[in-house]
Amino acid sequence: MKKITIIITLLFTIIGGDSLYGQVSMNAVTIIGNKTGFSSNSAKEIKQVFRGKYANWSTREQVIIVLPASKSSSAEIVASVIYGNTVSGVQKYWLSLVFQGRSNPPVFLDSDEEIINYVKRTSGSIGVISSGNQKVPGNLIISINN
Amino acid sequence: MKPNQIKLILLLLLTTHFVQAQKPTTQFNGYGYLEYELDFSGGPTSYFYLGEHDFFVNSKLNDKISFLGEYVIRFNGSSATSFLPSIERSLVKYNYYKNHNIIMGKIHTPVNYWNDSYHHGRLFFPVMDRPISFSYLVPLHTLGIQFQGQNLGDMNFGYDFVIGNGISSTDNLSDARNTSFTAAVHMKPTDDIRIGASFYYDYLDKNRSGIHSGHAAPKAHYTGKLYTGALNYTLTSLSFSNFTKNYEILNELTYNTTHTDSLGLAKNFANFFYAGLRFKDKHTPYVVVDFMKIAGNDLHTYPYEVGMFGIGYKYEFSPLFNIKAQVQYDRQMKNHANHIINKFFGSEIQLAYGF
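Line by line, the protein sequences give chains U and Z.
Each number in this note's numbering corresponds to the 1-based position in the first sequence with 1151 added.
Each number in this note's numbering corresponds to the 1-based position in the second sequence with 1 added.
Below, the structure is given as structure tokens:
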């Protein structure tokens, strides 16, 4: 019985090793959008948007999701905060969703600056970057109501 | 409404959107796999196997219309080159309102989680191969029109209604007078859980199996005279999936009935169960149990009992490359009358990749 308890404890220690994912605050990221029809939203709703829940905004603009690519310095924090997952977990999630034909692929960009510039010029886009970036135009920022 | 009027309305809808067209954005992907099999039944045999290679294209034609295609090249002994291509999915999707779409073309019939999610991408398969029922009971494809809704409300409710060519048809014609009908619903109460149910109906006036009824030869286990009369075919499916960072569960329950005037109602069922324990993001040891029982009075699939138990291990090098190793035991009973049982024990290693 003692052996079984040890094995079970070890098992949960191993699989629980990455349980920190998803516990990072939304304050660690900045959400930016262009003509999404809202300037603030709840954390839950924002996460749903980035999981591909919506095809269109209330403005009838098409939802275009912009995410940091795997080599971006923001990739890990975004994967953790928005998806509660790892960077490869997020890639797998989108590969699978697009393959199912249930969503258009997101735009993956290599740096926060590229994401800001893309969102700035693309109507209907919503992006996420690490917080604290000084170059984000104020009119793009979507505040998060906790 | 006359067919010509419907065509005119559809044409107007499409034309309106193409006038506003933007530059299409197209994404190409490919998926393939390579296997090594070691079979201990009837004297060990071992061989490498080049699996099907899947070319996937997804193109956004404008804000409302997209195209999806899946083209597979797979081994076929009757081909001069040993391989033959096939169109597995080819569809145009029109997003007419919020999360509601109309899809026209060749689709994977949305009867269960597996057929609606994994298609021909071995990279996404949690185990080596499809559930047993896919070779016998599940109508894999439909060519027709699909009404789809997804992520509706807080529970992320979804629906799929399909009217299309049935089991007897090909991609070019159907000699049956009717079409098949599929109704499927699902919900995703959390990000990781999906629960679905579906019902499929088809009337086979000559009990023929066309190309939509499975990739394997569904009658290979049966050597008697084939029934060529009329038959009613239903398939009811229940799916449960829970894929988290730490564990994965998938259960596909399939209940099939066939009804003939001669032998009445035959009740068949199958169940596929998979459970994996994921750790350190890349490692997933798993178990798989698969079972199918076809009733003695069934005149479409014909009597058969087959079961499989396997244990395996999956390692993901990256989201686009994984390796699976599986050891499995299969048990087949082809004849209910004399209870002849075949047993197989083997192992496989599979490299699955995307590009």
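Think of the CB as a built atom: it goes at the ideal place given N, C-alpha and C, for glycine as much as any other residue.
It should be emphasised that the depicted structure is a prediction, and the values quoted were computed from it without experimental measurement.
Note down the Cα distance separating residue i from residue j, rounded to an integer number of angstroms.
i, j, result
"Z/Thr-171", "Z/Gly-106", "13 Å"
"Z/Ala-276", "U/Arg-1272", "45 Å"
"U/Ser-1262", "Z/Asn-257", "52 Å"
"U/Val-1138", "Z/Arg-178", "Chain U is shown from 1152 up to 1297; residue 1138 of chain U falls before or after that span and cannot be answered."
"U/Ala-1206", "Z/Asn-102", "10 Å"
"U/Gly-1173", "Z/Phe-76", "With a pLDDT of 42 at U/Gly-1173, under the threshold of 50, the predicted position of this residue should be treated as unreliable, and no value is reported."
"U/Gly-1167", "Z/Gly-311", "The predicted model places U/Gly-1167 with a pLDDT of 43, which falls under 50 and marks its position as unreliable, so this point remains unresolved."
"U/Ser-1193", "Z/Ser-319", "32 Å"
"U/Asn-1185", "U/Leu-1291", "6 Å"
"Z/Gly-197", "Z/His-109", "16 Å"
"U/Ile-1182", "U/Arg-1211", "20 Å"
"U/Pro-1288", "U/Asn-1268", "10 Å"
"Z/Lys-283", "Z/Asn-298", "46 Å"
"Z/Lys-188", "Z/Gln-151", "The identity of residue 188 of chain Z in the sequence shown is Met, whereas the question assumes Lys. Each residue's alpha carbon lies about 9 Å from the other."
"Z/Tyr-37", "Z/Tyr-50", "6 Å"
"Z/Tyr-32", "Z/Ile-168", "27 Å"
"Z/Tyr-314", "Z/Phe-241", "22 Å"
"U/Asn-1178", "U/Ser-1282", "7 Å"
"Z/Arg-279", "U/Ala-1230", "18 Å"
"Z/Val-128", "Z/Pro-286", "10 Å"
"Z/Gly-29", "Z/Gly-122", "The identity of residue 29 of chain Z in the sequence shown is Phe, whereas the question assumes Gly. Rounded to the nearest angstrom, the two C-alpha atoms are 14 Å apart."
"Z/Ala-184", "Z/Gly-145", "13 Å"
"Z/Glu-349", "Z/Phe-126", "14 Å"
"U/Ile-1216", "U/Lys-1198", "11 Å"
"Z/Ala-22", "Z/Arg-90", "Residue confidence for Z/Ala-22 is low, a pLDDT of 47 falling below 50, so the modelled location carries little weight and cannot support an answer."
"Z/Lys-61", "Z/Leu-321", "23 Å"
At which residues does the beta strand (DSSP E) containing residue i begin and terminate?
i, result
"U/Gly-1240", "That residue, U/Gly-1240, is in no beta strand (DSSP E); its alpha helix (DSSP H) goes 1238-1251."
"Z/Phe-148", "142-153"
"Z/His-101", "101-109"
"Z/Ala-353", "341-355"
"Z/Pro-286", "284-295"
"U/Gly-1184", "1180-1184"
"Z/Ala-81", "Z/Ala-81 -> no beta strand (DSSP E), and no H or E assigned at all."
"Z/Ala-184", "181-188"
"Z/Glu-299", "Just to set this straight, residue 299 of chain Z is Asp in the shown sequence, not Glu. Unbroken run through Z/Asp-299: none, as it is neither H nor E."
"U/Pro-1219", "1215-1219"
"Z/Ala-198", "194-205"
"Z/Asp-55", "54-61"
"Z/Arg-75", "66-76"
What are the boundary residues of the alpha helix (DSSP H) that includes residue i?
i, result
"U/Ala-1230", "1226-1234"
"Z/Phe-126", "Per DSSP, Z/Phe-126 belongs to no alpha helix (DSSP H) and is neither H nor E."
"U/Gln-1199", "1194-1201"
"Z/Ala-118", "The sequence given here has Ser at residue 118 of chain Z, not Ala. That run of the alpha helix (DSSP H) goes 114-118."
Can you tell me whether residue i is helix, strand or coil according to DSSP?
i, result
"Z/Gly-311", "strand"
"U/Tyr-1269", "helix"
"Z/Leu-264", "coil"
"U/Gly-1283", "coil"
"U/Lys-1289", "Sequence inspection shows Gly at residue 1289 of chain U; the Lys mentioned does not correspond to that position. In the structure shown, U/Gly-1289 sits in a helix (DSSP, three-state: H, G or I)."
"Z/Met-156", "coil"
"U/Asp-1263", "helix"
"Z/Ser-170", "coil"
"Z/Phe-135", "helix"
For a contact defined as C-beta to C-beta under 9 Å, what are the partners of residue i on chain Z?
i, result
"U/Ser-1239", "Asp-282, Lys-283, Glu-317, Ser-319, Pro-320"
"U/Leu-1246", "Asn-30, Gly-122, Leu-124, Phe-125, Pro-320, Leu-321, Gly-355"
Is any non-hydrogen atom of the ligand ADP found closer than 7 Å to the C-beta of residue i, if you look at the structure I gave you?
i, result
"Z/Asp-203", "For the ligand ADP, the structure offers nothing, since it holds no ligand at all."
If the cut is a Cβ gap below 8 Å, which residues of chain U does residue i touch?
i, result
"Z/Leu-69", "Gly-1252"
"Z/Phe-57", "Phe-1250"
"Z/Asp-117", "Gln-1251"
Report the neighbours of residue i on chain U: residues whose CB is nearer than 9 Å to its CB, in chain order.
i, result
"Z/His-260", "What Z/His-260 touches in chain U: nothing, since even the nearest Cβ is about 33 Å away."
"Z/Lys-325", "Within chain U, no residue comes near Z/Lys-325; the closest Cβ sits about 15 Å away, beyond 9 Å."
"Z/Lys-344", "Within chain U, no residue comes near Z/Lys-344; the closest Cβ sits about 31 Å away, beyond 9 Å."
"Z/Asn-96", "Ala-1206, Asn-1207, Gln-1213"
For residue i, which residues in chain Z fall below 8 Å Cβ to Cβ?
i, result
"U/Tyr-1205", "Lys-99, Asn-100, Asn-152"
"U/Asn-1236", "Lys-246"
"U/Pro-1093", "Because chain U in this structure spans residues 1152 to 1297, residue 1093 of chain U falls outside the shown range and cannot be described."
Which residues in chain U have a C-beta closer than 7 Å to the C-beta of residue i? List them in chain order.
i, result
"Z/Phe-29", "Result: empty, since nearest Cβ-Cβ is about 11 Å, beyond 7 Å."
"Z/Asp-64", "Gln-1213"
"Z/Asp-192", "Arg-1202"
"Z/His-120", "Phe-1250"
"Z/Lys-220", "Residues of chain U passing the Cβ test: none, with the nearest at roughly 31 Å."
Note down, in chain order, every chain Z residue with its Cβ under 7 Å from the Cβ of residue i.
i, result
"U/Lys-1222", "Near U/Lys-1222 there are no residues of chain Z at all, since even the closest Cβ is about 13 Å away, more than 7 Å."
"U/Lys-1243", "Pro-320"
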